[in-house]
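Asks: Numbers given in the working numbering equal positions in the sequence shown, counted from 1, plus 20. Below you will find the structure I want to go over with you.
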Amino acid sequence: MAKLYSKECPCCGETFQTTRIDKIYKNSLHQRSYNNNKQANKRKLLDRLNKPINATYKIYKEMLGNKMSTRIPREFLKGKGANLRYFSHVTSIDGVPTNMLFDIAIIPEGTIINLRKIK
Ligand SMILES: [Zn+2]
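Here it is as structure tokens:
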């Protein structure tokens with residue numbers, strides 16, 4: 021008789037017996053459930069970051085319209101729901117490190133934010 025291994029399923033913590041030492045999950049349903057949960061948790065984590073970033077970008081684009089740049093009061097942008105602390109990267113504009121949200125430069129000028137589209 022083949023040797024039986026006692027394993028603990030990562031999805032539910034249930035103990036099961038198997039003759040295969042490399043078996044991880046109780047069965048394929050448990051494996052699928054575990055992987056689906058793992059992916060859903062990753063997605064939730066990314067959504068928490070992406071949602072405010074995408075919302076802020078949408079507001080900036082709306083403010084810019086067809087213009088290459090626009091100056092908007094900081095408080096007005098906040099009122100619209102923009103989160104001014106979010107940016108995707110920093111780039112050098114005229115030698116000054118500037119926060120960017122994708123293709124839009126966020127240039128603070130006191131109480132005003134100068135939004136500038138960068139090609
Ligand atoms: Zn399980």
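We put the CB at the ideal spot given by N, CA and C, even for glycine. Quantities reported herein were computed from a predicted structural model and do not represent experimental measurements.
1) Comparing the CB of residue 45 with every heavy atom of ligand 1, is any distance shorter than 7 Å?
2) Do residue 109 and ligand 1 come close, with the Cβ less than 7 Å from some heavy atom?
3) So, is residue 102 buried or exposed, given that buried needs 16 or more other C-beta atoms within 10 angstroms?
4) Determine which residues share a DSSP beta bridge with residue 35 and list them.
5) Should the region 99 to 114 be regarded as contacting the region 65 to 79, the criterion being three or more beta carbon pairs within less than 8 Å?
6) Please give me, in chain order, every unbroken run of the alpha helix (DSSP H) with length at least 4 that falls completely inside the region 40 to 127.
7) Taking all protein chains shown into account, do 16 or more other C-beta atoms lie within 10 angstroms of the C-beta of residue 136, making it buried, or fewer, making it exposed?
8) Please report the residue range of the beta strand (DSSP E) in which residue 137 lies.
Replies: Looking at the coordinates:
1) yes
2) no
3) buried
4) 28
5) yes
6) 48 to 84 and 94 to 100
7) buried
8) 132 to 137
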